[in-house]
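Single-structure report; data block below.
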């Protein structure tokens with residue numbers, strides 16, 4: 001019954017087709033293929049979220065620690081536990097670092113993971129060292145400034161004195177409300193607070209509805225954090241639906257707080273949320289060199305689009321692709337339709353199996369096991 005109830009809202013996402021006229025009868029093969037993709041998506045989605053919401057998988061802090069130490073190069077941890085240098089007088093907009101580097105991609109994957117954890121867990125891992133060499137985690141020295149866990153309004157604001165950065169992380173789909181928002185495939189006009197989107201711009205109604213209030217609340221928290229820490233840069237990150245929130249937050253920031261020192265946006269497994277025209281406009285507003293879109297091998301979430309091609313990601317965005325979710329390795333593609341980054345994968349190969357794995361690192365609550373004793377994910 002759940003499948004039947006959700007089909008009307010899920011199918012528009014993958015097969016939003018106008019009525020078939022007599023002239024379109026020759027396209028039945030294509031329509032059949034689209035229907036197959038629709039069924040694949042619906043089945044994968046229902047199974048993924050049933051398992052996610054129904055079960056708690058277990059691993060151990062020891063296993064998680066071993067995975068981390070075997071994955072992250074030791075040189076990435078050098079100097080993380082040093083005292084912050086004398087205050088850097090360089091304006092934040094002039095301080096440069098490679099946002100597309102493997103090290104930073106792993107670092108902000110961990111930040112995105114923390115948004116799934118409990119507040120106490122995150123505070124425990126903030127200054128965590130692990131392993132026989134007391135290796136500091138990539139987020140070592142992090143200070144939690146704001147923790148918001150009011151229903152769908154789930155985000156985390158942290159400070160790194162070492163890097164002089166404020167990080168805002170949005171949680172991905174974790175509740176029934178999140179799932180239903182993802183399933184709402186109706187189209188609507190974007191809110192004016194996101195900026196002067198071009199004519200014909202549309203966005204998925206459910207995603208806009210569930211993200212609009214957290215964006216405003218997160219902005220208040222970010223403004224306060226930056227006011228208390230002048231000279232810091234701002235980084236935004238998020239996984240899955242949290243990636244959509246992160247993207248829309250930056251549009252809101254550019255429109256309403258353009259003077260804030262925004263430096264980088266990281267999205268992991270970010271689903272399509274808007275019309276291609278609007279996505280291209282959003283990329284231009286944000287800045288192509290500030291937007292890091294990370295995709296893992298066969299992950300279905302960032303690839304589900306309307307079969308008429310109206311909704312999609314920005315064509316010119318830079319994609320970092322993990323061809324093997326279980327180990328290190330990143331391919332950089334200069335456009336969203338590059339087959340080297342999985343753009344031409346048939347829908348039959350796509351699923352949610354890779355949705356939480358990025359180049360050997362699990363994005364989710366397992367990143368907080370370092371600070372727990374009960375061993376539950």
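Residue numbers (UniProt numbering): 1 to 377. Built from N, CA and C at the ideal position, the CB exists for glycine as well.
Using the C-alpha atoms, what's the distance from residue 137 back to residue 336? The residue you call residue 336 lines up with position 336 of the chain shown. The residue you call residue 137 lines up with position 137 of the chain shown. Cα to Cα, residue 336 sits roughly 32 Å from residue 137.
What residue does the alpha helix (DSSP H) around residue 213 start on, and which one ends it? As a working note, residue 213 is residue 213 in the chain shown. Unbroken alpha helix (DSSP H) run through residue 213: 205-228.
What's the C-alpha gap between residue 278 and residue 197? Locating residue 278 in the chain shown gives position 278, where the first residue counts as 1. Locating residue 197 in the chain shown gives position 197, where the first residue counts as 1. Those two C-alpha atoms are separated by around 6 Å.
Taking the beta carbon of residue 369 as the centre, do at least 16 other beta carbons fall within 10 Å, making it buried, or is it exposed? Sequence index remark: in the chain shown, residue 369 carries index 369 (1-based). Under this definition residue 369 is a buried residue.
For residue 188 and residue 108, the rounded distance between their alpha carbons: Walking along the chain shown from the start, residue 108 turns up at place 108. Walking along the chain shown from the start, residue 188 turns up at place 188. Whole-angstrom Cα-Cα distance: 31 Å.
Which value, in whole angstroms, describes the spacing of the CA atoms of residue 215 and residue 254? On the chain shown, position 215 is the one that residue 215 refers to. On the chain shown, position 254 is the one that residue 254 refers to. Using only the alpha carbons, I get a separation of about 13 Å.
Less than 8 Å between the C-beta atoms of residue 341 and residue 321, yes or no? Stepping through the chain shown from its first residue, residue 341 is reached at position 341. Stepping through the chain shown from its first residue, residue 321 is reached at position 321. In contact: residue 341 and residue 321 (Cβ atoms closer than 8 Å).
Counting Cβ pairs closer than 8 Å, one from the stretch 297-304 and one from the stretch 274-288, do we hit at least three? no
Identity of the residue in 317, 280, 318 and 276 nearest residue 311 by Cα: Your numbering for residue 311 matches position 311 in the chain shown. Here the closest residue by C-alpha is 276.
Looking only at its chain, what residues have a beta carbon closer than 8 Å to the beta carbon of residue 100, apart from the 5 residues adjacent to it on each side? Counting from 1 along the chain shown, the entry for residue 100 is found at position 100. Same-chain partners within the cutoff: 292, 318, 320 and 332.
Is the beta carbon of residue 235 closer than 8 Å to that of residue 204? Along the chain shown, read from residue 1 onward, the residue named residue 204 stands at position 204. Along the chain shown, read from residue 1 onward, the residue named residue 235 stands at position 235. Against a cut-off of 8 Å, the Cβ pair of residue 235 and residue 204 comes out as no contact.
Kindly indicate which residue of 327, 192 and 259 has the alpha-carbon position closest to the one of residue 362. Indexing the chain shown from 1 puts residue 362 at position 362. Ranking the options by Cα distance to residue 362, first place goes to 327.
Buried or exposed: residue 297, going by 16 or more other Cβ atoms within 10 Å of its Cβ? What you label residue 297 is simply residue 297 of the chain shown in a count that begins at 1. With 16 or more other Cβ atoms within 10 Å, it is buried.
Does the Cβ-Cβ distance between residue 166 and residue 126 come in under 8 Å? As a first step, residue 166 must be located in the chain shown, where it is residue number 166. As a first step, residue 126 must be located in the chain shown, where it is residue number 126. Cβ distance not < 8 Å, so residue 166 and residue 126 don't count as in contact.
Let me know the secondary structure DSSP gives residue 166 once reduced to three states. Locating residue 166 in the chain shown gives position 166, counting from the first residue. If DSSP states are grouped into helix, strand and coil, residue 166 belongs with the strands.
Which residue comes first and which comes last in the beta strand (DSSP E) that contains residue 79? Along the chain shown, one-based indexing puts residue 79 at 79. Element bounds for residue 79: n/a, residue is neither H nor E.
Around the Cβ of residue 25, are there at least 16 other Cβ atoms within 10 angstroms (buried) or fewer (exposed)? Mapped onto the chain shown, residue 25 falls at position 25. The pLDDT assigned to residue 25 is 39, lower than 50, so where the model puts this residue is not dependable, and the model offers no usable value.
Once you ignore the five residues that flank residue 358 on each side, which residues in its own chain have a CB closer than 7 Å to its CB? Translated into positions along the chain shown, residue 358 becomes position 358. Result list for residue 358: 109, 268, 294, 296, 322 and 325, in chain order.
Of all the options 315, 70, 271 and 316, which has the alpha carbon lying nearest to the alpha carbon of residue 352? By one-based count along the chain shown, residue 352 stands at place 352. Of 315, 70, 271 and 316, the residue nearest in Cα terms is 271.
Looking at the unbroken beta strand (DSSP E) that takes in residue 311, where does it start and where does it end? On the chain shown, position 311 is the one that residue 311 refers to. Careful: residue 311 lies outside any beta strand (DSSP E) and carries neither H nor E.
Taking C-alpha atoms, which residue in 141, 105 and 356 lies nearest to residue 81? Residue 81 sits at position 81 when you count from the first residue of the chain shown. For the residues 141, 105 and 356, the minimum Cα distance to residue 81 belongs to 141.
Within 10 angstroms of the Cβ of residue 130, are there 16 or more other Cβ atoms? Answer buried if so, exposed if not. Sequence index remark: in the chain shown, residue 130 carries index 130 (1-based). With 16 or more Cβ atoms within 10 Å of its Cβ, residue 130 is classed as buried.
Within this structure, are the beta carbons of residue 367 and residue 114 separated by less than 8 Å? Counting from one through the chain shown, the residue named residue 367 turns up at place 367. Counting from one through the chain shown, the residue named residue 114 turns up at place 114. For residue 367 and residue 114, yes; Cβs fall inside 8 Å.
Quick one: what's residue 267 bridged to in DSSP? On the chain shown, position 267 is the one that residue 267 refers to. According to DSSP, residue 267 bridges with 238 and 293.
Ordered along the chain, which non-local residues of its own chain (more than five positions away) have a Cβ less than 8 Å from that of residue 274? Sequence index remark: in the chain shown, residue 274 carries index 274 (1-based). Hits under 8 Å: 190, 201, 202, 203, 204, 282 and 311.
For residue 299, does the three-state DSSP call read helix, strand or coil? Walking along the chain shown from the start, residue 299 turns up at place 299. Strand.
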